[in-house]
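Here the sequence shown is numbered in my numbering, starting from 912 and rising by one per residue. Even for Gly, the Cβ is constructed at its ideal location relative to N, Cα and C. Source: prediction; values computed, not measured.
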Amino acid sequence: MFPSLISADRSARQMALVALIIAMAMDAPHAAESGEERKAPTMAEVLASTAASDWRDLDAGNTLYLELPAGRVVIELAPRFAPKHVDNIRTLAREGYFDGLAILRAQDNYVVQWGDPESGNVDKARSMKRGASSLEAEFAVGFDPSFPFTPLPDGDGYAPLVGFSDGFAAARDTGEKRTWLTHCYGAVGAGRDVAANSGSGSELYVVIGHAPRHLDRNVTLVGRVVQGIELLSTLPRGTAALGFYDRAEQRVPIKSIRIAADVAETERVPLQVMRTDTRSWAALVESRRNRRDEWYLRAAGHVELCNVPIPVRLRPGSVDKS
């Protein structure tokens, strides 16, 4: 599933980046405690000094546009971590399965979920043309030790090792030789029933509250929202159990879900995501571990995985015409 071999140069770069993050993490608290001049940059300063090589364009073939009456939500898919589910989501999007369905649930401090309101009714459920109605769970996948992974220098209560892989917050267990995506704010998952293999991506949810990491390795995560999360996180909360809307008129209709590659280039959102394998990224992580903004009086010296934002921006010189 992942490349079994990787160049020595790439491995060396990863090890150097890890060493840089650890060195910055060890040095910063001492400087803060001793009252030395704060020379380390703030997050704003890090972003202002990034180079073009610190950013990557979204892959149009792995980007979804969720079109709502209030606007567009952009979702980056993660085929390395959930290849079968991502492929099925693309198939469902291309056959128009999601068009006209609805947001069914908005649970406070938890998730917003969308899908077919009639999925439990055999006679009324939306039919699938080529998409699969259930898939084998992809809660975690195997990894090669050299696969891109920039670790966070701080410990985690849910996994032996956490960090960032290809721009996604992820976790690893080197003993089990498994890696998985984590339920940080904006993470998108495939809803399922009790059976592990009952999900398919035909019903999706996004985390809108404090990171529910207890869901890690219990649900297949397929990507994350990179723009437009506010269109989901500010929806009225459902009043039925688990935040479901108990009346049809409360549901938010889905105009369509499209793959960016299938949309005219003039209608796409030219977004870039900050790479998580550069020196600039190491500086950004450190800026979140120890805030240098004038307001902060004491450096924390620690940051949780889900409290490190992965910046997104418009491609320089471009205009969002969506």
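CA-to-CA distance, residue j to residue i, given in whole angstroms
{"i": "F1009", "j": "K1088", "result": "35 Å"}
{"i": "V1270", "j": "S1198", "result": "Absent from the structure is residue 1270, since the part of the chain shown begins at 912 and ends at 1233."}
{"i": "R1158", "j": "R1200", "result": "44 Å"}
{"i": "K950", "j": "S1191", "result": "15 Å"}
{"i": "Y1021", "j": "G1097", "result": "11 Å"}
{"i": "P1071", "j": "S1030", "result": "38 Å"}
{"i": "V1174", "j": "E1114", "result": "22 Å"}
{"i": "G1187", "j": "A963", "result": "Here the sequence assigns Thr to residue 1187, which means Gly is not the residue at that position. Cα to Cα, T1187 sits roughly 14 Å from A963."}
{"i": "Y1069", "j": "V1223", "result": "26 Å"}
{"i": "V1234", "j": "Y1156", "result": "The question about residue 1234 has no answer, for the chain in this structure spans 912 to 1233."}
{"i": "D1067", "j": "L1092", "result": "14 Å"}
Test item: CB-CB of residue i and residue j under 8 Å
{"i": "V957", "j": "A1194", "result": "yes"}
{"i": "E1037", "j": "D1027", "result": "Contrary to the premise, residue 1037 reads as Arg rather than Glu in this sequence. In contact: R1037 and D1027 (Cβ atoms closer than 8 Å)."}
{"i": "L969", "j": "L1182", "result": "yes"}
{"i": "I1165", "j": "G1011", "result": "yes"}
{"i": "V1136", "j": "V1099", "result": "yes"}
{"i": "A993", "j": "E1049", "result": "yes"}
{"i": "I1221", "j": "V1184", "result": "yes"}
{"i": "A1023", "j": "I1170", "result": "According to the sequence shown, residue 1023 is Val rather than Ala. No, the pair does not count as a contact, with Cβ atoms beyond the cut-off."}
{"i": "L1132", "j": "Q1018", "result": "no"}
{"i": "R983", "j": "G1139", "result": "yes"}
{"i": "S1045", "j": "G1112", "result": "no"}
{"i": "T1085", "j": "V1052", "result": "no"}
Buried or exposed (CB count within 10 angstroms, at least 16 for buried), residue i
{"i": "Y1207", "result": "exposed"}
{"i": "R991", "result": "buried"}
{"i": "D1127", "result": "buried"}
{"i": "S960", "result": "exposed"}
{"i": "A989", "result": "buried"}
{"i": "S1229", "result": "exposed"}
{"i": "H1094", "result": "buried"}
{"i": "A1080", "result": "buried"}
{"i": "V997", "result": "buried"}
{"i": "A955", "result": "exposed"}
{"i": "D965", "result": "buried"}
{"i": "G1134", "result": "buried"}
{"i": "L1225", "result": "exposed"}
{"i": "T1145", "result": "exposed"}
{"i": "R1016", "result": "buried"}
Rounded distance between the beta-carbons of residue j and residue i, thought under 8 Å
{"i": "L871", "j": "I986", "result": "With the chain running from 912 to 1233 in the structure shown, residue 871 is simply not present."}
{"i": "R1203", "j": "P952", "result": "7 Å"}
{"i": "A1122", "j": "C1217", "result": "4 Å"}
{"i": "I1014", "j": "V1163", "result": "4 Å"}
{"i": "N1108", "j": "E1047", "result": "5 Å"}
{"i": "G1007", "j": "A1172", "result": "Between A1172 and G1007 the Cβ distance is about 16 Å, and since that is not below 8 Å, they are no contact."}
Next on the checklist: Would the segment 1071-1081 count as touching the segment 1050-1060 if we require 3 or more Cβ pairs under 8 Å?
Outcome noted: With the cut-off at 8 Å, the segment 1071-1081 and the segment 1050-1060 touch.
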